[in-house]
Amino acid sequence: MDKTWASAAEAVADIPDGATVAVGGFGLCGIPHDLIHALLACGTGGLRVVSNNCGVDDGGLGMLLAARRIARMTSSYVGENKEFARQYLEGELEVELVPQGTLAERLRAGGAGIPAFYTPAGVGTAVAEGGLPWRYSADGTVEVASPVRETRLFDGAEYVLEESVTTDFALVRAAVGDTHGNLVFHSSARNFNPLVAVAGRITLAEVEELVPAGALDPDHVHLPGVFVQRVVVVADPGLKRIEKRTTALATTQAGN
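Here the sequence shown is numbered in the working numbering, starting from 14 and rising by one per residue.
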């Protein structure tokens, strides 16, 4: 039952070229920093990644992208990564853009064993009607486009069919985990991590603090260990990059 591994490098070593990998995080918040670095170091390529976004140019999944390790991205937001845009527009990267709530539900449904579901998101748009560019050719023409989606009426309203997502591997980060893989996330760093974890056939979790099995209050566990196969301890829990730093002048006291 002990699911701890000695290092992130060992935990990712068997992820093969061309694997599908779901990755937690939102922007740079809650990303599995150590596991991404380990995957970069081991040279794995041709990855088909599912994640809310692709990090930034020099951080998170952006490092794998810059090293040409990612062949396809399924994401909902990519606005912070110029290299992402360049590779996509020049035909080097295949991209499936998905409404954010739909992406979340596709991951959750995959983990629940639900093959597909109907949603109102995207009805009447290219999401349902097809034709969204997934891959461009080098000359700028569309090489691969999204297919037409099935739609259906329920109580007079139209819905579009979306297929669920499951992946070979999933990489997540948690604030606390025990040796059985039970995880607790911190505030907004929870974001996509639980959804990603349930969608992976083999889920790797990096944790900032590791505790013995039984130390966590069951009522406080956000993700049961049944969804996690490997646990590694973060090398430097304090290393957390801020995506955008915004500062403001301190307000003066009343009367001054």
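Don't be surprised by glycine CBs; every beta carbon is placed ideally from N, CA and C.
Taking one beta carbon from each stretch, the stretch 109-123 and the stretch 86-96 have 3 or more pairs nearer than 8 Å; the two touch. The beta carbon of residue 68 is closer than 6 Å to those of 74, 75 in its chain, skipping five residues each way along the sequence. Between residue 189 and residue 220, the C-beta spacing is below 9 Å. Counting of Cβ neighbours within 10 angstroms places residue 248 among the exposed residues, the total staying below 16.
Around the CB of residue 233, fewer than 16 other CB atoms lie within 10 Å, so the residue is classed as exposed.
Buried is the label assigned to residue 16, since at least 16 other Cβ atoms lie within 10 Å of its Cβ. The beta carbons of residue 146 and residue 134 sit no closer together than 9 Å. With a 10 Å radius around the Cβ and a threshold of 16 neighbouring Cβ atoms, residue 198 comes out buried. Between residue 132 and residue 175, the C-beta gap is smaller than 9 Å, which places the two residues in contact. Apart from the 5 residues on each side of it in sequence, residue 50 sits with its Cβ closer than 8 Å to the Cβ of 21, 76 in its chain, given in chain order.
For residue 98, the three-state secondary structure derived from DSSP is helix.
Ranked by how close their Cα comes to the Cα of residue 103, the residues 31, 151, 193 have 151 in first place.
In this structure, the alpha-carbon of residue 82 lies about 7 Å from that of residue 57. Non-local C-beta neighbours of residue 161 in its own chain, meaning closer than 6 Å and more than five positions away in sequence, comprise 143, ordered along the chain. Rounded to the nearest whole angstrom, the CA to CA distance from residue 179 to residue 62 is 11 Å. Here residue 239 is exposed, its C-beta having fewer than 16 other C-beta atoms within 10 Å. Unbroken beta strand (DSSP E) runs of no fewer than 3 residues, entirely contained in the stretch 160-239, are found at 164-167, 170-176, 180-191, 213-224, following chain order. Less than 9 Å separates the beta-carbon of residue 229 from that of residue 191.
Annotation for residue 132: the continuous beta strand (DSSP E) segment containing it runs 129-132.
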